[in-house]
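*Asks:*
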Amino acid sequence: MEGAEFRGKSLAATARDIADGFLSINPLILKKLMPDDYKNLYHYLRKIQTEVRSEKFPLHDTLSIRNRNMRLHRLHNAIIILQHIARERKVILA
């Protein structure tokens with residue numbers, strides 16, 4: 134899994150950028166990736182999604198709750214888009 138890069142960053146760093154909102158996924162961006170990179174990016178997105186979900190939930194801090202939910206929303210949307218494009222290109226992710 135190591136070694137694949139996207140815009141000069143590792144796929145793990147790219148997945149974190151997607152979660153933080155610095156990068157958004159669309160079909161034009163994914164066009165440049167190889168089939169193995171689809172699988173690796175999917176793996177990293179799911180891994181970060183699990184990390185965000187496993188963090189302690191901030192019960193009384195509405196700003197933290199909003200930030201957490203936005204990260205999960207961005208990750209979910211990126212995963213759905215990645216799955217759709219992979220299906221079109223006949224790449225098996227799981």
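Following the numbering used here, the numbering of the sequence shown begins with 134 at its first residue and continues without gaps. Even for Gly, the Cβ is constructed at its ideal location relative to N, Cα and C.
#1: Given that a residue counts as buried once 16 or more other Cβ atoms are within 10 Å of its Cβ, and exposed if not, what is residue 222?
#2: Please report the distance separating the alpha-carbon of residue 205 from that of residue 157.
#3: List, from N- to C-terminal side, the beta strand (DSSP E) runs of 3 residues or more that fit wholly inside the region 163-225.
#4: Just to confirm the assignment, what range does the alpha helix (DSSP H) spanning residue 144 have?
#5: Check whether the region 168-180 touches the region 190-198, counting contact only when three or more Cβ pairs, one atom from each stretch, lie closer than 8 Å.
*Replies:* On the basis of the supplied data:
#1: The count along the sequence shown starts at 1 and reaches residue 222 at position 89. Flag for residue 222 reads exposed.
#2: Residue numbering aside, residue 205 sits at position 72 when the sequence shown is read from its first letter. Residue numbering aside, residue 157 sits at position 24 when the sequence shown is read from its first letter. Each residue's alpha carbon lies about 13 Å from the other.
#3: none
#4: The residue given as residue 144 occupies position 11 in the sequence shown. First-last of the alpha helix (DSSP H) with residue 144: 144-153.
#5: no
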